[in-house]
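Just below is one structure, and these are the notes that go with it.
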Amino acid sequence: MIQMPGRCFLTLTVLSRKAPVPTFHRKNKKLYTPEGRNVLRGITRMYIIDLATRLSIPVQERNIELYDVIHADEAFFTSTAISIMPCTKINGLAISNGKMGEVTKYLLDEWSKEIGVDIIRQTRDFAGEVGVALSGGTNIYRFERS
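Going letter by letter, the sequence shown gives residues 3 to 148 in this note's numbering.
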């Protein structure tokens, strides 16, 4: 099971985008992502690979095992709807310190600069406008009502 900020649990048998899993994880200053045959090769994933490369963050495509993600320095999902969503726990085990990683935050900040929108602030503002909480049950599919 994977837990993102809040309480999103997903049972996995294979680490691939055919089930929602961390699309990227970082270990020892390098980002890893599943090989193209094992993942949805979406526009957001491609953009993150390009952005990371331009920021001199090495990216490698390879087969990913659950062990790799559990023992990563950080992990995150990507999709058009969520841009980047940190993954903080798998099977109840914290990934690193259980919080958004520094590279995840850096990529979000740089993406925000490129498009001229603070992605994190926009998410918080929207949640406030529609009266939903961003903690305690938020996941990539819904906001939990306060």
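Where a beta carbon is used, it is the ideal one built from N, C-alpha and C, also for glycine.
Item: To the nearest angstrom, how far is the alpha carbon of Thr-90 from that of Val-105?; Value: 13 Å
Item: What did DSSP end up calling Arg-43 once you bin it into helix, strand or coil?; Value: coil
Item: Determine the direct distance from the alpha carbon of His-27 to that of Met-102, and round the result to whole angstroms.; Value: 12 Å
Item: Given Val-109, which residues of its chain have a CB within under 7 Å of its CB, disregarding the five upstream and five downstream residues?; Value: Here the sequence assigns Leu to residue 109, which means Val is not the residue at that position. Counting only Cβ-Cβ distances below 7 Å, and skipping sequence neighbours, we find Ile-50, Leu-53, Ala-54, Ile-86.
Item: For the pair the stretch 60-67 and the stretch 113-129, tell me if three or more CB-CB distances fall below 8 Å.; Value: no
Item: Could you spell out the range, first to last residue, of the alpha helix (DSSP H) harbouring Ser-114?; Value: 104-117
Item: Glu-67 lies in the alpha helix (DSSP H); which residues open and close that run?; Value: Segment: none, Glu-67 is in no alpha helix (DSSP H) and carries neither H nor E.
Item: With DSSP collapsed to three states, give me the class of Ile-84.; Value: coil
Item: Taking the alpha helix (DSSP H) that Thr-90 falls in, what are its first and last residues?; Value: No alpha helix (DSSP H) holds Thr-90; DSSP gives it neither H nor E.
Item: Give the DSSP bridge partners of Lys-32, in chain order.; Value: Lys-29
Item: Could you tell me which of Ala-77, Arg-47, Asn-40, Gly-44 sits nearest to Lys-32, measuring between CA atoms?; Value: Ala-77
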